[in-house]
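Written below as structure tokens is the structure these notes are about.
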Amino acid sequence: MLETAADPHTAFARVDWSQPWLAALAERGARWQEAALADYATYLSALNVDARRAALSTGRGNALSFIAQDDLPPGASYEGHIAATGCVPTRHNLHDFFNASMWFQYPRIKAALNALQAGQIDALGIGPTRGGLRDALTLFDENAVLFASCDPRVSEALREFDWQSLFVSRRDAWGERCEARIFGHALLEKLVAPYKACTGHAWIVEVPPAYFSADDAQRRALLDERIAGMLLAAPPTSRDFAPLPVLGVPGWWPENESTAFYDDVSVFRSGRRHR
Numbered sequence: 002m003l004e005t006a007a008d009p010h011t012a013f014a015r016v017d018w019s020q021p022w023l024a025a026l027a028e029r030g031a032r033w034q035e036a037a038l039a040d041y042a043t044y045l046s047a048l049n050v051d052a053r054r055a056a057l058s059t060g061r062g063n064a065l066s067f068i069a070q071d072d073l074p075p076g077a078s079y080e081g082h083i084a085a086t087g088c089v090p091t092r093h094n095l096h097d098f099f100n101a102s103m104w105f106q107y108p109r110i111k112a113a114l115n116a117l118q119a120g121q122i123d124a125l126g127i128g129p130t131r132g133g134l135r136d137a138l139t140l141f142d143e144n145a146v147l148f149a150s151c152d153p154r155v156s157e158a159l160r161e162f163d164w165q166s167l168f169v170s171r172r173d174a175w176g177e178r179c180e181a182r183i184f185g186h187a188l189l190e191k192l193v194a195p196y197k198a199c200t201g202h203a204w205i206v207e208v209p210p211a212y213f214s215a216d217d218a219q220r221r222a223l224l225d226e227r228i229a230g231m232l233l234a235a236p237p238t239s240r241d242f243a244p245l246p247v248l249g250v251p252g253w254w255p256e257n258e259s260t261a262f263y264d265d266v267s268v269f270r271s272g273r274r275h276r
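Quick note: the sequence shown uses this note's numbering, first residue 2, plus one each step.
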């Protein structure tokens, strides 16, 4: 029997689709939100209708579908079960709501992450700790921001914690030579109630200048293919990410129109220098 999480109505009702980081999710997300506000069974049904239409697959080529969390067999690992069956255990909460959304936004990246996680589980089993590779994969899955750039100076500013260059002196680069797209579903959950210190882990990917003339679907498809290939070719480590305070992204938060916003060293910290 499906069980409903505590007060899901309040959590789902708080999602504001007008926020710029949710724009690409809004059409499907609003439909899912309406289903989630009805009940757990209606919500899972809505996810599975879309999954059948999209004909997506998971890490080992199984057709994507969504099941209630209680249907995960006892003793089965979450990632291993997804890889083996295509079925994603899904709770009636925002965390898993945004996780499901990413399967549709970036199916190749999600499948690559799942394949790598399942491969580690097959090789090493489930222990008290995940290990370095699984930690990095989880960090990507939960908290990544996809940072697309055709300007090496902007990418380097991000790597070097040079917030003044990234957000102030090169502010005109945003939308023209660089952009940020939130991938991590835990990060999206946090941003339902945004706060200044909310920080993602940026995964920097170089793109051609023509990327910024493409439409949203074309941009997502390029990132999906390119990043999935990067992950499979060279599995990530925690040092491959660059911290990015997400409300600093131009156009994402009204207060950052003032340069004084970036003077807060408790958020925009100096950090390790890239070597």
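Positions of the beta carbon are idealized from the N, C-alpha and C atoms, including for glycine.
Keep in mind it's a predicted model, so treat the numbers as computed, not measured.
Residue environment, residue i, which counts as buried when at least 16 other CB atoms sit within 10 Å
{"i": "Arg279", "result": "For the chain, the structure presents residues 2 to 276; residue 279 sits outside this window and is missing."}
{"i": "Gln121", "result": "buried"}
{"i": "Ser170", "result": "exposed"}
{"i": "Gln219", "result": "exposed"}
{"i": "Gly230", "result": "exposed"}
{"i": "Thr91", "result": "buried"}
{"i": "Thr59", "result": "buried"}
{"i": "Leu23", "result": "buried"}
{"i": "Gly126", "result": "exposed"}
{"i": "Asp72", "result": "exposed"}
{"i": "Glu190", "result": "buried"}
{"i": "Asp17", "result": "exposed"}
{"i": "Val266", "result": "exposed"}
{"i": "Ser156", "result": "buried"}
{"i": "Glu35", "result": "exposed"}
{"i": "Ser259", "result": "exposed"}
Under the three-state DSSP convention, the category residue i falls into
{"i": "Thr91", "result": "strand"}
{"i": "Trp253", "result": "coil"}
{"i": "Ala31", "result": "helix"}
{"i": "Ala77", "result": "coil"}
{"i": "Ser46", "result": "helix"}
{"i": "Leu57", "result": "coil"}
{"i": "Asp279", "result": "Given that the chain is displayed from residue 2 to residue 276, the structure contains no residue 279 and the question cannot be resolved."}
{"i": "Phe284", "result": "Absent from the structure is residue 284, since the part of the chain shown begins at 2 and ends at 276."}
{"i": "Phe269", "result": "coil"}
{"i": "Asp163", "result": "coil"}
{"i": "Asp40", "result": "coil"}
{"i": "Asn63", "result": "coil"}
Residue span of the alpha helix (DSSP H) that contains residue i, given as start and end
{"i": "Thr1", "result": "Because the chain here runs from 2 to 276, residue 1 falls outside it and cannot be looked at."}
{"i": "Ala12", "result": "Pro9 to Ala14"}
{"i": "Ser156", "result": "Pro153 to Arg160"}
The beta strand (DSSP E) enclosing residue i, as first and last residue numbers
{"i": "Ala69", "result": "Ser66 to Ala69"}
Inter-residue CB distance, residue i and residue j (contact presumed, cutoff 8 Å)
{"i": "Asn49", "j": "Ala84", "result": "Going by Cβ atoms, the distance from Asn49 to Ala84 rounds to 19 Å, so no, they are not a contact pair."}
{"i": "Pro21", "j": "Trp253", "result": "5 Å"}
{"i": "Asn257", "j": "Ala187", "result": "About 22 Å separates the two Cβ atoms, so there is no contact after all."}
{"i": "Leu140", "j": "Pro236", "result": "At roughly 12 Å, the Cβ-Cβ gap does not stay under 8 Å, so Leu140 and Pro236 are not in contact."}
Subject >> Length at least 4, wholly inside the segment 102-150: the alpha helix (DSSP H) runs in chain order >> reply: 108-125 and 133-144
**OP:** For the segment 175-251, list the alpha helix (DSSP H) runs that are entirely contained and at least 4 residues long, ordered along the chain.
**Re:** 186-191 and 217-234
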